Amino acid sequence: MLAEALLAQASGVWRRLKICRNPACAAAFYDRSRNNSGVWHSVRGCGNAAHLRACRERRRVQGDSTVMS
Numbered sequence: 005m006l007a008e009a010l011l012a013q014a015s016g017v018w019r020r021l022k023i024c025r026n027p028a029c030a031a032a033f034y035d036r037s038r039n040n041s042g043v044w045h046s047v048r049g050c051g052n053a054a055h056l057r058a059c060r061e062r063r064r065v066q067g068d069s070t071v072m073s
């Protein structure tokens, strides 16, 4: 395992090996995005769920701020 990690670092592949940002998933994946910005192993699965949670939280906060005004 350490030998593969060393080879990946030497070849530049290491920076594209990532862990999914979804704590419930935490799958390791190879980031194939052009600018190395991938954060989820599956945009349809983990990414969609994260965007949905963020959207619901924004709506909840916006709803709270309109009640206070």
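My numbering applies: residue 5 is where the sequence shown begins, and numbers increase by one. Idealized CB from N, CA, C, for every residue including glycine. Computed from a prediction, not measured in an experiment: that's the story for all the values here.
Any idea if residue 50 is buried or exposed, counting beta-carbon neighbours within 10 angstroms, 16 or more meaning buried? buried
For residue 17, tell me which candidate among 58, 52, 35 has the shortest Cα-Cα distance. 35
Quick one: what's residue 21 bridged to in DSSP? 34
Would you mind working out which of 52, 53, 56, 44 sits nearest residue 30, comparing C-alpha positions? 44
Can you list, in chain order, the residues of its chain with a C-beta nearer than 6 Å to that of residue 28? Leave out the 5 residues immediately preceding and following it. none
Which whole-angstrom value describes the C-beta separation of residue 40 and residue 20, a residue pair presumed to lie in contact below a C-beta threshold of 8 Å? 6 Å
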